[in-house]
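Chemist:
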Amino acid sequence: MKQPEQKIETITVSDLIHQVHVYHDDGYRLVQISCAQEGDAFELTYTFDRDLILSHLRIPADQKTSIPSISRIYLASFVYENEIADLFGIPFSGIAVDYKGTFIRTSVPHPFGTPQITTLKKKQEDQHE
Amino acid sequence: MELLIFLILFPLLIAGLLAVIQAEHVRRAVVISGAVLVGIASLVALAFSVTSQAVFYSVPVNNIGILVFIGDILISGYIIFVSLKARQYVVTGITVIQLILLCAVEYLALTNHAHIPELFSDQLSGIMSAIIGVIGGLICVYALGYMREYHAEHPDRPDTRPRFFGIMFLFLSAMFGIIFSNNLLWLFFFWEITTLCSYLLIRYPNTDEAIKNAFRALLFNLIGGACIPIAFLVILLTGESELIGLHELVSAGPGLALIPAGLIAVAGLAKSAQFPFSSWLVGAMVAPTPVSALLHSSTMVKAGVYIIARFAPVFEGELIGILIALIGGITFLAASAIAISQSNAKKVLAYSTIANLGLIVACCGVGTAEGLWAAILLIIFHAIAKSLLFLSVGTVEHQIHSRNIEDMSGLVTKMPRITMMILIGIAGMFLAPFGMLISKWASLHAFVESVPPFGILLVIIIAYGSGITAFFWAKWMGKLIAVGEPQQKDESHIPGSEKSILYILSALTIVVCFGFPVISWYLIEPWLLTMYQSVTELISLSNIEIMFMMLFLVLIMPFSLARFTRSATRVPRYLCGIPESETMVFTGSCGIKREIELSNYYLDTIFCEKRISRISVGIGIFLIVLILNIIIVGGGL
Amino acid sequence: MNPFLAAALFIILAPVVGVLITGLDRILTARMQGRVGPPVLQPWYDIRKLFQKKQVAVWGAQSFFIFCYLIFIIFTGALFFAGGDILLVIFAFTLGHVFLVLGAYVSYSPYAHIGAERELIQLMAVEPMIIIVAIGLYQVNDSFLVGDMINHPGLPILLLPGVFLGFIYILTFKLRKSPFDLATSHHAHQELVKGSTTEFSGFTLGMIELAHIYELVVMLGFIWLFFGNNLFLSAVAIVVIMVLEILVDNCTSRVRWQDAITSAWFVTLVAGAGNIFALSIM
Amino acid sequence: MALTVLKNLVKGPATIRYPYQPAKVTPVTRGHLVVNINNCIFCGLCRAHCPADAIEVSKPDRTWKLHQFQCVICGCCVSYCPKDCLSIEQTYLPPSPAATIVTVTGPDEPEKNEGQEEGINKKL
Amino acid sequence: MSKQIIVPFGPQHPVLPEPIHLDLVLEDERVVEAIPSIGYVHRGLEKLVEKRDYKDYVFISERICGICSFIHGATYCQAVEQVMGLEIPRRAEFLRAIWSEYSRMHSHLLWLGCFADAMGYENLFMNCWKVREKILDVLERTTGGRVIQGVNRVGGVSRDMDAAEFRRIETEIPGLRADYTELTRIFDEDLTVQTRTKGVGMLSKDMAWELGAVGPVIRGSGHAVDARMTGYGAYDELDFKPVVRTEGDCHARCLVRAGELFTSLDLIENAIDRIPKGDILIPVKGNPSGEYYAQTEQPRGEVIHYVKANGKKNLVRHRVRTPTLANVPPLVHMLAGCELADVPVIVLTIDPCIGCMER
Amino acid sequence: MSYLQKSPWIIHYDASSCNGCDIEVLACLTPLYDVERFGILNTGNPKHADIFVITGGVNEINREVVKNIYEQMPHPKVVVAVGICACSGGVFKECYNISGGVATVIPVDVYVPGCAARPESIIDGIVQALKILEQKRIALKTTVEGTA
Ligand code: NFV
Ligand code: SF4
Ligand code: SF4
Ligand code: SF4
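Residue numbers (the working numbering), protein chains in the order written: chain C, 412 to 540; chain F, 81 to 717; chain S, 102 to 383; chain D, 67 to 190; chain R, 436 to 794; chain U, -16 to 131.
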């Protein structure tokens, strides 16, 4: 079944806190924050929900500038922010519960933030002693 | 019996000497020689009491009664002086009342003079004197080393050690006085001295808290003490002035003796820190540890239970006795329960003292021969094990600079010897073949047969209490032997005197466990026989055998330890799969390195100190008022 | 019977009886869960296997305490079946348990530590009732000797219904069965992993299992005392109560320790203490 | 609850006594992958689409190799095979102390297919 | 001196079927601090989209989790289908709904069992899992796999059910319903279960919304939030009513899940009645381009599969926001101040699925 | 006959599996398969266990955990790797965080294939493991006697 198109509103980083406040005050629930890489640029998408309708906010991001955390507004955002920080290497400032890179510990740092998968796989040489 | 005089006066002499000696090594010599002499003399007194019947002794000095009276006035005067200075007007008031009562007593006594021997000694006195002499002496010697370190640690506090040791020996002297007095007026005099001494010792650190607690101790003991002159009045007013003799009073039987005995027992309750009076003993913990040891094990509180034990035969089957026993029972239960919620080692010891005294009081209160037998055994075992515990905790305190049980974790690797001794002490307090358990066994036997419904009530109380005691002792033991990371063994800083005293006390704990049948046969049973005309077999031979078997098992077990430590390969402890990055440390959430910390349970939601003590103080006051009511009604009738 | 003979018989026979009972218990439990369950001798296999494993420990002293635990539990049982003083039996029992607890403390491992504390809470919860059982039996028999109690001609249970009920209640603690398996359980799925036995393995764990089996026999022996010299009835009672315990084990979840101890104390007070109090008035 | 418990007790265990009783299988159960090498043209489509990279196909050697302990039996390859020579059988592979690789060498000429059994080499 | 006990809880802990770690700081047994740490199941499979054909990736997306594997596959397919603008056969959507509900029941029964186990109720655990085997039998019979079904394809499903199968399912349903009633009764009425769950792990209505809880967690706190209400797939034609309770404690969450067992049965019956005839799979040509957030209801709550493609056969980004991740903040909130004995109960009450959460 | 074979206790750890195999391992304990028939108990504690049943491909932080658990198990012990993930990494073999099979971390004695491995296979695997366990015990005994 064909579902309706999803509209994504793109805003600037500086608008983020304000916009999220607006959503919060309108009684929206934070659904998720996701991140994707476009070439060298990243985009963060904040998804909110009210009455079963999803609304999306999108901001551009990169690995240098830190994004203000919305965990003061939606406490629950700390899981997503920590996750993105660990997987993409995008810094966040002011996360309520900051794991400082230990939320998801990976064998390669920021696996999603690097263009190529670096497979650090050793050959299975000495399997049995 | 010049020995009795010697035991009373000799410590007094030493006390006087110590008060003036300033040089430390001289003091040392005096204390040690004094303690040894007192100890030997007390043992001689014990030995005499084994063979002989009660001996009575009149002091061949004329008008000595007046001297005692003057002494009483001096004590009261001093108390009034200090209390006024510290604005403790309640204390002043009670002292004044006491003084007035005493004057009345003295007036009556002078007009109605009866000649009774002032001193006496029987098996109970012998046992008590041995406890006071040996354990008290050991504590004094221990204090030598302890106080030196104490002042090194607290440079801010005034170093008045000469006075301190003087008071310690004065205390011993007064205790001997109490246990050898036959004339109750004498007894009261010594009684007041101990009250005063305890006040002075508790305020020794001279901090605000210490002073406050010292006055609390003074107040409660004075309130209790005030009952004694009333008892005298009752005795004298009934006209039988020779009943002012302890022995005479007890043998006069419940009819005449019950009311004075009840009143004196109330004083005893206060002194032995039963609810509602118990808080002074807990407050007394601010004093240096040897003081606590002295107050808790051989003196002070023991004076309280001693006097109740003396009157126990009077209480047999009487309502007053039952109420006293109930106070003891409640105290046992409540104090044990509170001990669970304490992490300060000395407080745990304090509450457990209160609890054990409660048990003793309960045994005395029912007043049967069996009960008394259990009570006396309890007094003996408790004195030894408690002093051992206090002193070893004091030693540990100086080594690890904390009284907190939590900080003693893994002590077994740091100070194996001291830990062994604490373990022996604790085992002595609650584990099966050791002392207290024998007594608990005996008291259960005693209660179940006495005064039908109330005896069972006490049994139920003990049943609950023994579970509770097991909890807090066992968790302490566990803390001592739980080894996180083996620490460097380091016992060299402990002064030799302290160590040897601890050795002696641990040895005594075990010797007494083995020797209790002997004590029972040669001392307690003969004494009971004089008090009660017939005494049934108190503990059967087969049970003694079983206890010995257990004791042997417990004692030989440690020899297998080596075998087990050798045979196992070491593996890390189970931390849900998280490896220890170094011993006891694992990396937890957020990458934080966490050290494993395992404290005991204090269950303070259930065993909340405040709530339990409030409730039990309430019950205690109720029961005391009940006792006094009965006395007033009984006296009026 | 000669007390020494009785004690020796206990030492030899108790494991056999205990293993059979636990084995049947496990089968019955399995059947109640709709499973087949292990062979009857499974507890025996388990113990033998544990003795075959290599010894590992955090500290060697652990095993020492457990050895003491085993010895004292056996001692308790021997004393019991030799007809000794029941109070001494209880005290020896407590002593044994304290050794178990100490053994759990030694390792300074979080789960064992919490298990040890819980074990103590359990001890505290059951101790009053056990003492009251002894007192109640004394009131009926006028003797503290187990030897006299088993020769009681009547049925003490008739006078001690409350005590009996209370005892059955705390038996659940002692047999480490749900809802009161606070400190350790036979199933792994609890918050404490294996609670007080977490740090034990191999030989040491084998000793614990063996001690549990001895303990089981002693606890069931207590039931016997409620039926005096009526051997048949007591055998029936033991079977019925065992089945009941298993049923309860299967019909309840584990409760919190607060609930466990308060309920145990409450039952002790109402049923146990009430009963002996009433008896003493009568 | 007691009722349920007793019902269980009366009804008897629901257990399949597995090694003594046969295991449950259904006609569609995905057990393990087999190849009919005779039809295989070594096109390598199955290799390309295998999400677990369990297949190796070598056209020159005419071998079709399956890392049996890497194949997740998803059936993806089956749907891609142009010659329908792959199929999934119901029986499960037995556990073994070492990972097994099945190498099936296709016949140069159409020939009898027996490679499967003989071709099992124990790795390591 | 603090009277603290520091306990590492997990990763290897028998009460947790999966590895997660909590640093517990206890006083007596009261939890004063509980910090979760995750990552023990993080495999990084989302990165595999860059290597695999988007169609083959279905099999990987199924293996995000072995419990809710079917719905993961279906949601992924749905997302890709939306991106590509595919209209898949109605029958396939119905079949997906039926299997979804079966996998929901299997997950809930599994959870009920584990939950009982966390309370130390072994028998109940066994009973739940006994019933669960019946569901697995159906799944195996119809899809070929007990826990990993592997029937989803981009463009539909690969296996059909025939009328005989539907009839068989229908005849089995009353038996299942009876089983569920019995289990629900125990969870609802058993005294010891009540003492362990009632009032434990309170999550108020506002808090649940604020912390972004999903699934039975939020429904146990009084919000009717259920992605099935959006009517994705075949759900617009099925009569779906969410199960909601208002107490907000573990007991409520437990009963919500128990209640959903019945809803699932109703939905299955419904779907069997209304399933249209026709194809089950349409051929898919070309590569996707665009992005889509597909939202469906997993047993543990709403799952979001985000798919971003740029016209190559490998997707640019696949991201799964799983319900467990959303339920972690509420979990942390509920753990504060509870008893150690309640920790497993509370942790399980959000039905944590770490495999999903960390991917 | 050794008692080891009659009472194998297992510990199960999920080292980054997808749960599919875990729940099948758990299913083995439940009424339908009931491995307690063979005396198998799930102990949940490495110190009690004889058989380490491990599922999943072992990710980065699990390596240490798996090693730690293995270390804590007393000898003789065997490792059973359940599921394709545990055998070789399966579909996740190429994930950056997966080390690819249990054998990369600890020695594995029996591999149980299947995705998810069926309970029956798991039972077969454990039964195979028992034989290895017995061999290990004998080997252990002889070495101990040899050194003594
Ligand atoms: N339900 C579900 Fe999942 C998903 N998505 C969740 O957290 O189980 Ni493994
Ligand atoms: S069944 Fe799946 S995993 Fe196995 S070879 Fe085929 S595509 Fe690969
Ligand atoms: S896809 Fe089929 S024909 Fe092609 S190589 Fe694979 S098995 Fe052979
Ligand atoms: S083998 Fe398959 S079912 Fe098992 S854990 Fe791996 S992906 Fe999951």
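Just so you know, even glycine gets a beta-carbon here, dropped at the ideal spot from N, CA and C.
Grab me the residues of S/THR353's own chain with a C-beta within less than 8 Å of its C-beta, minus the 5 sequence neighbours each way, in chain order.
Modeler: SER279 and PRO280.
Chemist: Within the continuous alpha helix (DSSP H) that includes F/THR131, where are the two ends?
Modeler: From DSSP, the alpha helix (DSSP H) with F/THR131 extends over 104 to 131.
Chemist: I want to see whether chain U comes within less than 9 Å of C/GLN535, judged by CB atoms only; does it?
Modeler: For C/GLN535, the pLDDT reaches just 38, beneath the cut-off of 50, and the residue's location in the model is therefore unreliable, leaving the point undetermined.
Chemist: Under 9 Å between the Cβ atoms of S/GLY267 and S/ILE222?
Modeler: Cβ distance not < 9 Å, so S/GLY267 and S/ILE222 don't count as in contact.
Chemist: Name the two residues that bound the continuous alpha helix (DSSP H) containing S/THR363.
Modeler: Counting along the chain, the alpha helix (DSSP H) containing S/THR363 begins and ends at 358 to 368.
Chemist: Can you confirm whether the region 616 to 626 of chain R touches the region 706 to 719 of chain R when touching is taken to mean that 3 or more C-beta pairs between the two stretches lie within less than 8 Å?
Modeler: Cβ pair count under 8 Å is below three, so no.
Chemist: Closer than 8 Å: is that where the CB of D/VAL100 sits relative to any heavy atom of ligand 3?
Modeler: Checking every heavy atom of ligand 3 against the Cβ of D/VAL100, none is found closer than 8 Å.
Chemist: What three-state label does DSSP hand F/LYS466 in the structure shown?
Modeler: Three-state result, F/LYS466: helix.
Chemist: Between F/ASN680 and the rest of its own chain, which residues show a CB-CB distance below 8 Å, the 5 nearest in sequence each way excluded?
Modeler: Around F/ASN680: SER423, ILE485, GLU486, LYS555, TRP556, GLY558 and LYS559.
Chemist: Taking only three categories from DSSP, how would you classify R/GLU485?
Modeler: R/GLU485: helix per DSSP, three-state reduction.
Chemist: Hey, quick one: how far does the beta strand (DSSP E) through R/GLY725 stretch, first residue to last?
Modeler: Segment 724 to 733, the beta strand (DSSP E) holding R/GLY725.
Chemist: Give the interface partners of F/VAL722 over in chain U, defined as CB-CB distance under 7 Å, in chain order.
Modeler: Nothing in the structure corresponds to residue 722 of chain F, since chain F is present only between 81 and 717.
Chemist: Taking a Cβ distance cut-off of 9 Å, strictly less, list which residues of the region 746 to 773 of chain R are near chain U, in chain order.
Modeler: Within the region 746 to 773 of chain R, no residue qualifies.
Chemist: For R/ARG752, which of helix, strand or coil comes out of DSSP?
Modeler: DSSP places R/ARG752 in strand when its eight states are reduced to three.
Chemist: Against chain C, which members of the region 36 to 51 of chain U pass a CB distance test of less than 7 Å?
Modeler: Listed by position, the residues of the region 36 to 51 of chain U near chain C (Cβ gap below 7 Å) are GLU43 and ILE44.
Chemist: Look up F/GLU571 in the DSSP assignment and say whether it is helix, strand or coil.
Modeler: Correct three-state label for F/GLU571: coil.
Chemist: Does the beta carbon of S/GLY351 sit closer than 9 Å to a beta carbon anywhere in chain R?
Modeler: It is Asn, not Gly, that sits at residue 351 of chain S in the sequence shown. Closer than 9 Å: yes.
Chemist: Output, in chain order, the set of chain U residues within a Cβ distance shorter than 9 Å of R/SER593.
Modeler: The premise fails here: R/SER593 is roughly 17 Å from chain U at the closest Cβ pair, so nothing lies under 9 Å.
Chemist: Can you give the Cα-Cα distance for C/GLN538 and U/CYS98, rounded to whole angstroms?
Modeler: Below a pLDDT of 50, predicted positions are generally treated as unreliable, and C/GLN538, at 35, falls in that range; no measurement from the model is reported.
Chemist: Please list the terminal residues of the continuous beta strand (DSSP E) segment that includes C/PHE393.
Modeler: Past the boundaries of the shown model lies residue 393 of chain C; chain C is included only from 412 to 540, so the question cannot be answered.
Chemist: Quick check for students: name the residue ranges of the alpha helix (DSSP H) that lie wholly in the region 616 to 683 of chain R, counting only runs of 4 or more.
Modeler: As far as the region 616 to 683 of chain R is concerned, its whole alpha helix (DSSP H) runs of at least 4 residues are 626 to 632, 640 to 645 and 651 to 654.
Chemist: Is the beta carbon of C/ILE428 closer than 9 Å to that of C/PRO479?
Modeler: Yes, the pair counts as a contact, with Cβ atoms nearer than the cut-off.
Chemist: If you follow the beta strand (DSSP E) that S/ALA115 is in, where does it begin and where does it stop?
Modeler: Run containing S/ALA115: none in the beta strand (DSSP E); it sits in the alpha helix (DSSP H), 104 to 133.
Chemist: Return the Cβ separation of F/PRO393 and F/ILE701 in integer angstroms, given the expectation that the two are a contact with Cβ distance under 8 Å.
Modeler: Not quite, the Cβ-Cβ distance comes to about 27 Å (not below 8 Å), so this is no contact.
Chemist: Under three-state DSSP, which class holds U/ILE34?
Modeler: DSSP places U/ILE34 in strand when its eight states are reduced to three.
Chemist: Looking at C-alpha atoms only, which residue of F/LEU281, F/VAL531, F/THR175 and F/LEU93 is the closest neighbour of F/ILE400?
Modeler: Minimum Cα distance to F/ILE400 is reached at F/VAL531.
Chemist: Quick one: is the Cβ of R/LYS633 within less than 8 Å of any heavy atom of ligand 3?
Modeler: No; taking the cut-off as 8 Å, the Cβ of R/LYS633 has no heavy atom of ligand 3 nearer than that.
Chemist: List, in chain order, every chain C residue whose beta-carbon is nearer than 7 Å to that of U/ASN80.
Modeler: Result: THR517 and SER518.
Chemist: For F/VAL563, return the contacting residues in chain S, with the cut-off set at a CB-CB distance below 7 Å.
Modeler: TRP160, VAL207 and TYR209, listed in chain order.
Chemist: Can you tell which of F/VAL665, F/GLY363, F/VAL221 and F/CYS656 has the C-alpha that lies nearest to the C-alpha of F/GLY246?
Modeler: Of F/VAL665, F/GLY363, F/VAL221 and F/CYS656, the residue nearest in Cα terms is F/VAL221.
Chemist: Taking only three categories from DSSP, how would you classify U/SER(-10)?
Modeler: Looking at U/SER(-10) - three-state DSSP - the assignment turns out to be coil, as it is neither helix nor strand.
Chemist: From the DSSP output, read off the bridge partner residues of F/PHE86.
Modeler: Beta-bridge pairing links F/PHE86 to no other residue.
Chemist: Output yes if chain S places a C-beta closer than 9 Å to the C-beta of R/HIS448; else output no.
Modeler: Taking Cβ atoms only, chain S reaches closer than 9 Å to R/HIS448, which makes this a yes.
Chemist: With 16 as the cutoff for other CB atoms within 10 Å, does R/LEU770 come out buried or exposed?
Modeler: The residue is buried, with at least 16 neighbouring Cβ atoms inside 10 Å.
Chemist: I'd like to confirm the pairing. Which residues does DSSP put opposite F/VAL665 in its beta bridges?
Modeler: In DSSP, F/VAL665 forms a bridge with F/GLU662 and F/GLU675.
Chemist: Between the region 399 to 416 of chain F and the region 436 to 455 of chain F, are three or more C-beta pairs nearer than 8 Å?
Modeler: As far as the Cβ criterion goes, the region 399 to 416 of chain F touches the region 436 to 455 of chain F, which means the pair count is three or higher.
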